[in-house]
Amino acid sequence: MAIERKARATWKGDLKGGQGEFDLESSHAVEHEQVTFASRFEQPGGKTSPEELIAAAHATCLSMALSSGLTQAGHTPTKLETEAQVTLDDGSITAIHLTVRGEVEGLDEAGFEQAAQEAKQNCPVSKALAAVPNITLHASLAS
0 MAIERKARAT WKGDLKGGQG EFDLESSHAV EHEQVTFASR FEQPGGKTSP
50 EELIAAAHAT CLSMALSSGL TQAGHTPTKL ETEAQVTLDD GSITAIHLTV
100 RGEVEGLDEA GFEQAAQEAK QNCPVSKALA AVPNITLHAS LAS
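Numbering-wise (numbering that gives the first Met the number 0), the sequence shown opens with residue 0 and increments by one.
Structure, rendered in structure tokens:
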């Protein structure tokens, strides 16, 4: 079953002086979100950027894939918290650093690390970002 999601972006003016906005048209969860050169390349100032949206997508996808894998293995997680840091350098995304911390009963660190690595390789967003040269993952269980 194919799933499609849609977003729309509008940009007005030149790159440095112009501004844009985007809408998440499938869900309407975000509408008229502003983006500027400064919010992308300097300080966010309450606005987002494409790289921050990629980070959010990757963190969410990894959490969901890991939850699925753990549950299928009989270890339903109590909580998973994932952070993604996307690095934009000289016009390219050069690195994504993922950190996931989990609360999972009956699973040791090695088992959690293995499940997290499998989730990283299998989540659809990871697959879409396969051209990024450096994607790292640090996985640990909450103390």
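The beta-carbon is built from N, C-alpha and C at its ideal position, and this holds for glycine as well.
Local conformation of residue i per DSSP, three classes
{"i": "A72", "result": "coil"}
{"i": "E50", "result": "helix"}
{"i": "S91", "result": "strand"}
{"i": "A141", "result": "coil"}
{"i": "H57", "result": "helix"}
8 Å Cβ cutoff met for residue i and residue j
{"i": "S139", "j": "H57", "result": "no"}
{"i": "A109", "j": "V99", "result": "no"}
{"i": "V131", "j": "A83", "result": "no"}
{"i": "F21", "j": "E32", "result": "yes"}
DSSP bridge partner residues for residue i (one or two, in chain order)
{"i": "E41", "result": "DSSP, once it has assigned bridges, lists no residue as partnering E41."}
{"i": "G101", "result": "L79 and L140"}
Beta strand (DSSP E) segment containing residue i, residue limits
{"i": "E20", "result": "Q18 to L23"}
{"i": "K11", "result": "A6 to K11"}
{"i": "E32", "result": "E32 to T35"}
Where the alpha helix (DSSP H) containing residue i begins and where it ends
{"i": "A127", "result": "P123 to A127"}
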